[in-house]
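S.K.: Before I ask anything, let me first share the structure, which is written out below as structure tokens.
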Amino acid sequence: MADLPRTDESLLNIYEVELDGQIRHLIGFLAPEVAHRLGIASRKIVGEFRPTPDGEFDPATFEVNPEFIAAYTEFMNEDVVRNPELMMLAMNQPDRYLTLIDPRHPYDAPDLEVPIVNKVGRFRSTPDGFIQENSFQYNQKHRWFDPEYGVSGVFLNREFYDWLNQDALLESESDGFSVSHESSKS
Numbered sequence: 311m312a313d314l315p316r317t318d319e320s321l322l323n324i325y326e327v328e329l330d331g332q333i334r335h336l337i338g339f340l341a342p343e344v345a346h347r348l349g350i351a352s353r354k355i356v357g358e359f360r361p362t363p364d365g366e367f368d369p370a371t372f373e374v375n376p377e378f379i380a381a382y383t384e385f386m387n388e389d390v391v392r393n394p395e396l397m398m399l400a401m402n403q404p405d406r407y408l409t410l411i412d413p414r415h416p417y418d419a420p421d422l423e424v425p426i427v428n429k430v431g432r433f434r435s436t437p438d439g440f441i442q443e444n445s446f447q448y449n450q451k452h453r454w455f456d457p458e459y460g461v462s463g464v465f466l467n468r469e470f471y472d473w474l475n476q477d478a479l480l481e482s483e484s485d486g487f488s489v490s491h492e493s494s495k496s
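Now the structure itself:
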């Protein structure tokens, strides 16, 4: 099975599944034990790829799942919008767009122009310095897996992971199961 280019803290996993008589390679933002117990909900699938002939992950063939993007947008509008740092930026830049940069971007080079592939999306701030409700817009040119910059730092965001996998957390609290969120090595 293909290996993802990732750090040890990544919460991504590859799933090789049979759908409609075909073997497909999915990248999920959920732990294998959760997938085994609850199945793989489509909004937890980042996307799909075709492995190289030697079975490795091929970012050139990666196709993002629109349901994952919808879930990410929902998370940004529900949770991130209340981030104190983001709220302060809105106060200092009223009536503008606040662009969110992928955490993988090298911040040690402040003069470096942020490439479009590292711009995750943006919020709109109101004229009075607040973040406009439901204003997050995902950047369709953002790359979750970029040959130059690597895997998106969004996949290290434990809050997003927990938000997306609330069903597993609720089930584990109600039935006494312990859910580990550590990434398996593929």
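With positions in the sequence shown counted from 1, the corresponding number in the working numbering is that position plus 310.
No residue lacks a Cβ here, since even glycine has one placed at the ideal position from N, Cα and C.
1. Return the chain-ordered ranges of every alpha helix (DSSP H) run that is complete within the stretch 338-413 and spans a minimum of 4 residues.
2. Given 8 Å as the limit, is there contact between the stretch 395-406 and the stretch 431-446, that is, 3 or more CB pairs closer than that?
3. Using 8 Å as the Cβ pair cut-off and three pairs as the minimum, do the stretch 350-370 and the stretch 328-337 touch?
4. Within the chosen definition, does the stretch 341-350 reach the stretch 364-379 through at least 3 CB pairs nearer than 8 Å?
5. For LEU422, is the classification buried or exposed, using 16 other Cβ atoms within 10 angstroms of its Cβ as the cut-off for buried?
6. Looking at PRO394: is its Cβ nearer than 7 Å to the Cβ of GLY463?
7. Tell me ASP456's beta-bridge partners as DSSP assigns them.
8. Taking 7 Å as the threshold (C-beta atoms), are PHE446 and ASN387 in contact?
9. Among the residues of its own chain, which have a CB less than 7 Å from the CB of ASP389, if the five just before and after it don't count?
10. For ASN444, count neighbouring C-beta atoms within 10 Å of its own C-beta (all shown protein chains included) and say buried if the count is 16 or more, exposed if not.
11. Could you pull the start and end residues of the alpha helix (DSSP H) that TYR471 belongs to?
12. If VAL427 and HIS452 are in contact, beta carbons under 8 Å, what's the gap, nearest whole angstrom?
13. From what residue to what residue does the beta strand (DSSP E) around ILE324 run?
14. For a quick check, are the C-beta atoms of MET401 and GLY439 less than 7 Å apart?
15. In terms of alpha-carbon separation, which member of ASP330, GLN476 and ASN449 lies closest to ALA380?
16. So what's VAL430 in DSSP terms, helix, strand or just coil?
17. Measure the beta-carbon distance from PHE372 to PHE359 and round it to whole angstroms, keeping in mind my assumption that it falls under 8 Å.
18. Where does ALA370 land, buried or exposed, given buried means 16+ other C-beta within 10 angstroms?
19. Suppose you measure from the CA of ASP456 to the CA of TYR382; what does that come to, to the nearest Å?
M.R.: Taking the coordinates as given:
1. 342-348, 376-388 and 394-402
2. yes
3. yes
4. no
5. exposed
6. no
7. GLY460
8. yes
9. GLU469 and TRP473
10. exposed
11. 468-474
12. 6 Å
13. 323-329
14. yes
15. ASN449
16. strand
17. 4 Å
18. exposed
19. 18 Å
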